[in-house]
């Protein structure tokens with residue numbers, strides 16, 4: 061979750077906490093947007109932990125499994141986007 065924000069000209073510095081570890085994020089995105097990303101990651105981590113039941117997964121294993129899920133979602137969205145672009149081009 062969002063813990064601290066220090067604005068710097070057009071960049072925001074946000075301190076976030078994911079899986080108990082703090083990270084400093086610097087970029088043009090709003091703190092609210094960064095917080096939504098953190099919430100999504102934490103939600104995915106919880107889902108992976110639940111799916112694996114009593115198995116003790118390391119933070120690295122959790123991070124890799126979450127990255128795999130997010131990459132899968134991104135790739136499916138890219139494929140859908142390409143199909144939509146082709147439909148739009150064909151309709152012109």
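In the working numbering, the protein residues as written are 61 to 152. We put the CB at the ideal spot given by N, CA and C, even for glycine. Note that this is a predicted model, so its numbers are computed, not measured.
query                                                                                                                  : result
Based on Cα-Cα distance, which residue from 123, 149 and 136 lies nearest to residue 81?                               : 123
Less than 8 Å separating the beta-carbons of residue 94 and residue 76?                                                : yes
Under three-state DSSP, which class holds residue 89?                                                                  : coil
Based on Cα-Cα distance, which residue from 111, 103, 73 and 118 lies nearest to residue 91?                           : 73
Would you check if the distance between the CB atom of residue 130 and the CB atom of residue 110 is smaller than 8 Å? : no
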